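For the sequence shown, counting from 1, position 247 maps to 572 in the numbering used here; every step adds exactly one.
Note that beta-carbon positions come from the ideal geometry of N, C-alpha and C, so glycine has one too.
This structure is a prediction, so every number in the text was calculated from the model and none was measured.
Structure, as structure tokens:
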Amino acid sequence: MKYTVKGTQEEGVQACAKHFIGNEQETQRSNVIYPDGTEVAAISSNIDDRTLHELYLPPFADAVKAGVATVMCGYNRLNQTYTCQNSKLLNGILKEELGFLGYVVSDFYATHDGVPAIEAGLDMNMPGPWDSMTAAMTYLGGNNASLWGQNLTTSVGNGSLSEERLDDMIRRIMTPYFHLGQNEGFPSVDPSGYFITAVTAGYIQTSRGAPPARDVRGDHAKLIRRIGAEATVLLKNVNSTLPLKTPLSIGVFGNDAGLPADGMYVLGDDPPYPGVPRSGYEMGTLSVGGGSGSGRSTYVVSPLNALMARAKNFGGRVQYILDNALIAKGDFSTLYPTPEVCLVFLKTWCGEGTDRASFENDWNSTLVVERVASHCPNTVVVTHSAGVNTMPWAENENVTAILAAHYPGQESGNSIVDVLFGDINPSGRLPYTIPRREADYALPITNMTGDQSRNASAWQSDFTEGLYIDYRHFDAMNITPLYDFGYGLSYTTFEIVGTPSADLLQKELPPFPPSSQVEPGGIPGSGMKCSKSRLSSVTQDQSPAQLLCSST
326 MKYTVKGTQE
336 EGVQACAKHF
346 IGNEQETQRS
356 NVIYPDGTEV
366 AAISSNIDDR
376 TLHELYLPPF
386 ADAVKAGVAT
396 VMCGYNRLNQ
406 TYTCQNSKLL
416 NGILKEELGF
426 LGYVVSDFYA
436 THDGVPAIEA
446 GLDMNMPGPW
456 DSMTAAMTYL
466 GGNNASLWGQ
476 NLTTSVGNGS
486 LSEERLDDMI
496 RRIMTPYFHL
506 GQNEGFPSVD
516 PSGYFITAVT
526 AGYIQTSRGA
536 PPARDVRGDH
546 AKLIRRIGAE
556 ATVLLKNVNS
566 TLPLKTPLSI
576 GVFGNDAGLP
586 ADGMYVLGDD
596 PPYPGVPRSG
606 YEMGTLSVGG
616 GSGSGRSTYV
626 VSPLNALMAR
636 AKNFGGRVQY
646 ILDNALIAKG
656 DFSTLYPTPE
666 VCLVFLKTWC
676 GEGTDRASFE
686 NDWNSTLVVE
696 RVASHCPNTV
706 VVTHSAGVNT
716 MPWAENENVT
726 AILAAHYPGQ
736 ESGNSIVDVL
746 FGDINPSGRL
756 PYTIPRREAD
766 YALPITNMTG
776 DQSRNASAWQ
786 SDFTEGLYID
796 YRHFDAMNIT
806 PLYDFGYGLS
816 YTTFEIVGTP
826 SADLLQKELP
836 PFPPSSQVEP
846 GGIPGSGMKC
856 SKSRLSSVTQ
866 DQSPAQLLCS
876 ST
């Protein structure tokens with residue numbers, strides 16, 4: 326998290342590290358109160374101390390070291406206690422062990438009590454009201470009922486909350502405010518924010534008469550476009566299929582290639598927005614995910630539009646079929662001539678409050694790729710997804726290139742076209758391992774059913790895998806993945822000069838890892854290389870065989 330924190334706070338904006346900690350699944354992430362009054366607690370992530378400290382804590386330690394302003398606790402429980410009311414977690418590990426000096430803020434409605442939560446280390450309760458219905462009343466001018474608010478004032482007055490702890494909360498909240506200079510020349514709150522939030526959540530039905538949103542875009546589009554392109558991961562590139570030259574006939578396939586059919590903002594199935602399929606909207610490129618990771622785009626450049634604009638420059642023709650159901654039938658009689666290159670765009674919806682049911686891309690993706698590849702011997706697949714996808718078609722000889730573009734934002738089409746035609750060298754690396762089969766991960770979500778799900782404390786997620794997640798799991802089980810953690814190709818070749826590895830037999834490690842330099846070569850053009858260092862050790866303490874210790 327270090328560079329994200331520094332980059333954000335260098336601009337005078339407070340960075341927030343979340344969720345602290347163990348929010349590793351969305352199913353039953355929050356407590357549920359049924360109409361009959363039965364309350365079922367949120368899932369408990371049961372993690373042993375070593376695994377917590379060695380695996381899940383380091384990113385937060387990294388953020389604290391970088392001076393992060395605030396840390397957000399989550400909805401889940403950790404070892405049976407809600408994270409926003411877990412004194413060992415907030416007071417002990419975060420504030421004492423890591424020396425965190427900022428403030429701990431709850432996620433929306435993740436606060437379960439008043440003084441006990443404060444004494445456990447929670448410094449700010451968000452958004453104030455204790456549930457969405459009360460929040461709706463607040464937006465509409467009603468009372469701001471809160472577990473804190475006036476209750477906090479009363480608690481200080483009757484001595485149940487010490488003034489010393491109150492002062493500590495205030496210091497922690499105000500220190501980042503002054504440290505980042507937010508008291509001087511900081512922009513005022515956009516007045517449209519209230520209406521955007523209220524309309525989106527359904528608290529009010531119209532924004533007629535609301536002030537327009539403040540335009541702060543500047544030349545951000547250039548940066549978004551470049552980041553989207555450079556962060557793309559090139560997974561396969563047979564015989565230098567990419568970058569494309571000037572193909573006179575281009576085929577574009579898949580429901581992820583065109584513009585969204587329903588405006589610039591899609592909620593998907595994130596509660597409380599029913600009615601949209603689990604896999605999000607059917608037609609249109611997926612540039613962002615759902616839930617709090619979503620946003621309202623002022624425009625979206627689709628891959629199809631960007632490809633048409635590029636092809637026009639060299640007289641190319643773009644043919645397309647965007648309906649996945651039609652593609653799955655395998656009837657390509659409307660295409661003539663057969664495209665020189667066929668670009669298939671796939672997507673995977675990812676939101677908030679629910680877990681993905683499968684690693685496969687959505688909307689019958691496997692059959693779509695197979696149908697196109699059977700018709701086109703030069704098929705390039707582009708995926709827009711938030712994380713791991715299985716790719717059973719990856720070794721199809723007619724699939725000549727694969728690009729994982731993730732969620733590139735509103736310049737989606739321009740970003741991928743810049744990569745396809747070599748204007749920008751894809752430099753992304755996988756932050757996860759892609760398996761050959763979904764079963765290779767063997768870590769399903771905890772999902773209770775029937776009467777068991779109504780048991781107040783039934784939702785228990787025991788992290789029995791310990792330290793063995795992702796590439797550590799694959800190493801331990803001797804499973805060969807499709808694409809390894811950190812994998813990513815380039816249009817440029819690189820030579821590592823120096824000492825890429827060394828045997829260390831002494832008990833203590835040297836102060837610095839083996840030194841090496843990365844020098845570009847091969848295909849001319851700019852390129853960036855992220856080299857990884859892995860530490861292998863022979864131990865008797867159940868440590869993973871290899872650990873990623875640095876990357877540059």
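Item, Value
"Inter-residue CB distance, VAL396 and LYS343 (contact presumed, cutoff 8 Å)", "7 Å"
"Straight-line Cα distance separating TYR400 from ARG354", "6 Å"
"Close-in-space but distant-in-sequence residues of the same chain around THR691 (CB under 8 Å, 5 per side omitted)", "GLU685, PRO717, TRP718"
"As assigned by DSSP and simplified to three states, the class of VAL742", "helix"
"Buried versus exposed call for SER737 [16 or more other C-beta atoms within 10 Å across all chains shown]", "buried"
"Alpha-carbon to alpha-carbon, ASN723 and LYS570", "19 Å"
"Candidates ALA729, GLU555, SER612, of which the one nearest SER752 by Cα", "GLU555"
"Local conformation of PHE670 per DSSP, three classes", "strand"
"Proximal residues to VAL430 (C-beta, below 6 Å), its chain only, five neighbours per side dropped", "THR395, MET397, MET449, MET451"
"Buried/exposed call for LYS637, threshold 16 Cβ in 10 Å", "exposed"
"Per-residue DSSP class, three states only, for ASP493", "helix"
"Counted within 10 angstroms of its Cβ, other Cβ atoms place VAL697 as buried (16 or more) or exposed", "buried"
"ILE495 burial status per 10 Å Cβ neighbour count (16 or more: buried)", "exposed"
"Spatial distance of MET499 from GLY791 (CA atoms)", "38 Å"
"PHE657 versus ASN630: straight-line alpha-carbon distance, rounded", "21 Å"
"Alpha-carbon to alpha-carbon, GLY484 and ASP492", "14 Å"
"Whole-angstrom distance between SER778 and THR623, CA atom to CA atom", "42 Å"
"The segment 580-589 contacting the segment 536-547, beta-carbon criterion three pairs below 8 Å", "no"
"ILE346 burial status per 10 Å Cβ neighbour count (16 or more: buried)", "buried"
"Continuous beta strand (DSSP E) stretch holding MET397: start and end", "395-398"
"Three-state secondary structure (DSSP) of GLU820", "strand"
"First through last residue of the beta strand (DSSP E) which encompasses ASP343", "Sequence inspection shows Lys at residue 343; the Asp mentioned does not correspond to that position. Looking at the DSSP string, the run of the beta strand (DSSP E) that includes LYS343 is 341-345."
"Contact between the segment 643-650 and the segment 614-623 (3+ Cβ pairs under 8 Å)", "no"
"Beta-carbon contacts of GLN339 that lie in its chain and below 7 Å, excluding the five residues immediately before and after", "ALA394, THR395, PRO501, LEU505"
"Under 9 Å between C-beta atoms of SER517 and ARG490", "no"
"Per-residue DSSP class, three states only, for ASN630", "helix"
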